[in-house]
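Novice: Before I ask anything, here is the structure I am working with.
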Amino acid sequence: MNFDDLSIEQLHDLMLMAAREGGIPAPDNDAEDGRPLWSIEAVAAFFGTTPDQIEEALEDAFESLADVAWAGSAR
Numbered sequence: 006m007n008f009d010d011l012s013i014e015q016l017h018d019l020m021l022m023a024a025r026e027g028g029i030p031a032p033d034n035d036a037e038d039g040r041p042l043w044s045i046e047a048v049a050a051f052f053g054t055t056p057d058q059i060e061e062a063l064e065d066a067f068e069s070l071a072d073v074a075w076a077g078s079a080r
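According to the working numbering, the sequence shown is numbered sequentially starting from 6.
Written out as structure tokens, the structure is:
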């Protein structure tokens with residue numbers, strides 16, 4: 006699955022499915038347009054870590070995604 010090919014709606018559906026299956030916490034807020042939102046605090050509590058550690062992990066993940074997007078296909 007290539008997340009770059011998914012629409013925002015598909016990404017939200019994927020996140021909600023993960024929440025229903027217990028892979029991530031349930032959303033704890035909603036955006037003005039009704040999209041679900043997850044707070045850093047809720048995610049940290051779910052994984053038994055600190056908000057700072059979650060932010061660092063997200064930054065690392067986004068850096069990795071940027072490297073993959075920049076490098077192109079591995080084929």
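Where is the CB? At the ideal position from N, CA and C, for every residue including glycine.
1) Take the Cβ of Ile59 as the centre, count every other Cβ of all protein chains shown within 10 Å, and call the residue buried at 16 or more, exposed below.
2) Ignore the nearest five residues each way along the sequence and tell me which others in Thr55's own chain have a CB closer than 6 Å to its CB.
3) In whole angstroms, give me the CA-to-CA distance for Gly27 and Leu21.
4) Rounded to whole angstroms, how far is the Cβ of Ile29 from the Cβ of Ala23, which I believe are closer than 8 Å?
5) Any idea what DSSP makes of Pro30, helix, strand or coil?
6) Just how far apart, CA to CA, sit Arg25 and Asp38?
7) Could you check what DSSP says for Leu42 in three-state terms: helix, strand or coil?
Specialist: Reading it off the structure:
1) So Ile59 counts as buried.
2) Taking Thr55 as the centre and dropping the five residues before and after it, the same chain places the C-beta of Ala49 closer than 6 Å to its C-beta, in chain order.
3) Rounded to whole angstroms, the gap between the alpha carbons of Gly27 and Leu21 is 10 Å.
4) Correct: roughly 5 Å between the Cβ atoms.
5) In the structure shown, Pro30 sits in coil (DSSP, three-state: anything other than H, G, I, E or B).
6) Their backbone Cα atoms lie some 21 Å apart in a straight line.
7) Strand at Leu42.
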